[in-house]
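> If you scroll down you'll find the structure; I have some questions about it.
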Amino acid sequence: MKQFLLSILAISATLFCAHAEEPAATPAKVSDIRIVMTTTKGDIEGTIFASKVPMTAANFLNLAKRGYYNGIAFHRVIPDFMIQGGDPTESGTGGPGYRFADEYHPSLKHSKPGLFSMANAGPNTNGSQFFITHKATPWLDRGGNPRNAAAMHTVFGEVTKGQDVVDGIIGKLQGRGMKGNGVGDKIVSIKILDSTDALFAAQKVNLDKWNAILDKK
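Quick note, the sequence shown lines up with residues -20 to -1, 1 to 197 if you use mature numbering (1 follows the signal peptide of the UniProt record, and there is no 0).
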């Protein structure tokens, strides 16, 4: 009888183990991702801060992977401030058809030249437009504008090589007076040098939503 009971317990334990759920896989670590942006003025090499602002990074890299930015001019350039692009209408009013929230990381500030940052029309209105700085622009940080405490722009990358190209970019609209030259230097392509798999897996919900909208265009 004792041996019979031990056999039943052993069988029960085996069945329990067979039906027990496997531990959930640990999500892959999201690392920063290198890019090369080829423009009509030359190449700009950069690093996208996917480890610190993953939603913003996923948005930019997804658009780049889709070829969204290819052929779009830098529509707005203000010397000694920044170059702005990413608008398919090249008017300053266009975007991908969706908006997403500002993303903040305390270590990412507009503290030097060569920073990639999101252009917006106010809080939580990010889309496809971005700019690259010519110099430090601290008034664009969260809390940096005393007249509008809610205003901020999300820093999401930095130039690692080619700041001279950034500084030489001519805009379709040039200068603070915004007198257009009618053409503007363009983004030819954006090459992604590192895997986006971990980032895109972590941002799947957002990417599925964004791509559903982009696929309708």
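Where a beta carbon is used, it is the ideal one built from N, C-alpha and C, also for glycine.
Would Gly107 and Gly66 qualify as a contact pair, given that the criterion is a beta-carbon distance under 9 Å?
Along the sequence shown, read from residue 1 onward, the residue named residue 107 stands at position 127. Along the sequence shown, read from residue 1 onward, the residue named residue 66 stands at position 86. Contact flag set, yes.
> With contact counted as at least three CB pairs below 8 Å, one residue from each stretch, are the stretch 81 to 88 and the stretch 19 to 35 in contact?
yes
> Report the three-state DSSP secondary structure of Val135 (helix, strand or coil).
Counting from 1 along the sequence shown, the entry for residue 135 is found at position 155. In this structure, Val135 counts as strand in the three-state DSSP scheme.
> Using the three-state DSSP reduction, which class does Ile193 fall into: helix, strand or coil?
Indexing the sequence shown from 1 puts residue 193 at position 213. Three-state result, Ile193: helix.
> Measuring alpha carbon to alpha carbon, tell me which residue in Pro118, Ala37 and Ala116 is nearest Phe110.
Here residue 110 is taken as the residue at index 130 of the sequence shown, counted from 1. Just measuring C-alpha positions, the residue of Pro118, Ala37 and Ala116 sitting nearest Phe110 is Ala37.
> I'd like the ranges of any alpha helix (DSSP H) spanning at least 4 consecutive residues and lying wholly in the stretch 15 to 96.
34 to 45
> Let me know if Ser97 comes out buried or exposed under the rule of 16 or more other beta-carbons within 10 Å of its beta-carbon.
Residue 97 sits at position 117 when you count from the first residue of the sequence shown. Under this definition Ser97 is a buried residue.
> Tell me the DSSP secondary structure of Val146 in three-state form.
Your numbering for residue 146 matches position 166 in the sequence shown. Here Val146 sits in helix by DSSP.
> Report buried or exposed for Asp195, applying the criterion of at least 16 other Cβ atoms within 10 angstroms of its Cβ.
To locate residue 195, count along the sequence shown from 1; it is residue 215. Per the 10 Å Cβ criterion, exposed.
> For a test of the three-state rule: what should DSSP assign to Lys184, helix, strand or coil?
Locating residue 184 in the sequence shown gives position 204, where the first residue counts as 1. Assignment of Lys184 by DSSP, reduced to helix, strand and coil, places it in the helix class.
> To the nearest angstrom, report how far apart Asp144 and Lys152 are at their CA atoms.
Numbered from its first residue, the sequence shown carries residue 144 at position 164. Numbered from its first residue, the sequence shown carries residue 152 at position 172. Looking at the two C-alpha atoms, the distance is approximately 19 Å.
> DSSP state of Leu173, grouped into three classes?
To locate residue 173, count along the sequence shown from 1; it is residue 193. It is coil, neither helix nor strand.
> Got a sec, what are the start and stop residues for the beta strand (DSSP E) Thr113 sits in?
Here residue 113 refers to the residue found at position 133 when the sequence shown is read from its first residue. Run containing Thr113: Phe110 to Thr113, per the beta strand (DSSP E) assignment.
> How about Ala8 and Ile172: do their beta carbons lie closer than 9 Å?
For the purposes of this step, residue 8 is taken as the residue at position 28 of the sequence shown. For the purposes of this step, residue 172 is taken as the residue at position 192 of the sequence shown. No, the Cβ-Cβ distance between Ala8 and Ile172 is not below 9 Å.
> Rounding to the nearest angstrom, what Cα-Cα distance links Pro59 and Tyr49 in this structure?
Here residue 59 refers to the residue found at position 79 of the sequence shown. Here residue 49 refers to the residue found at position 69 of the sequence shown. Their backbone Cα atoms lie some 22 Å apart in a straight line.
> Which word fits Pro103, buried or exposed, when buried means at least 16 other C-beta atoms lie within 10 angstroms of its C-beta?
Taking the first residue of the sequence shown as 1, we reach residue 103 at position 123. So Pro103 ends up on the exposed side.
> Hey, Thr18 and Ile149 are a contact pair by Cβ (cut 8 Å); roughly how many whole angstroms apart?
As a first step, residue 18 must be located in the sequence shown, where it is residue number 38. As a first step, residue 149 must be located in the sequence shown, where it is residue number 169. Not a contact, Cβ separation roughly 13 Å.
> Please report how far the alpha carbon of Ile15 lies from the alpha carbon of Arg127, in whole angstroms.
Counting from one through the sequence shown, the residue named residue 15 turns up at place 35. Counting from one through the sequence shown, the residue named residue 127 turns up at place 147. Inter-residue distance for Ile15 and Arg127 is about 35 Å (C-alpha atoms, whole angstroms).
> Tell me whether Pro3 is buried or exposed, calling it buried when 16 or more other Cβ atoms sit within 10 Å of its Cβ.
Within the sequence shown, residue 3 is the residue found at index 23, counting from 1. Unreliable positioning characterises Pro3 in this predicted model, as indicated by a pLDDT of 45, which lies under 50. The coordinate reading is nonetheless provided below. Flag for Pro3 reads exposed.
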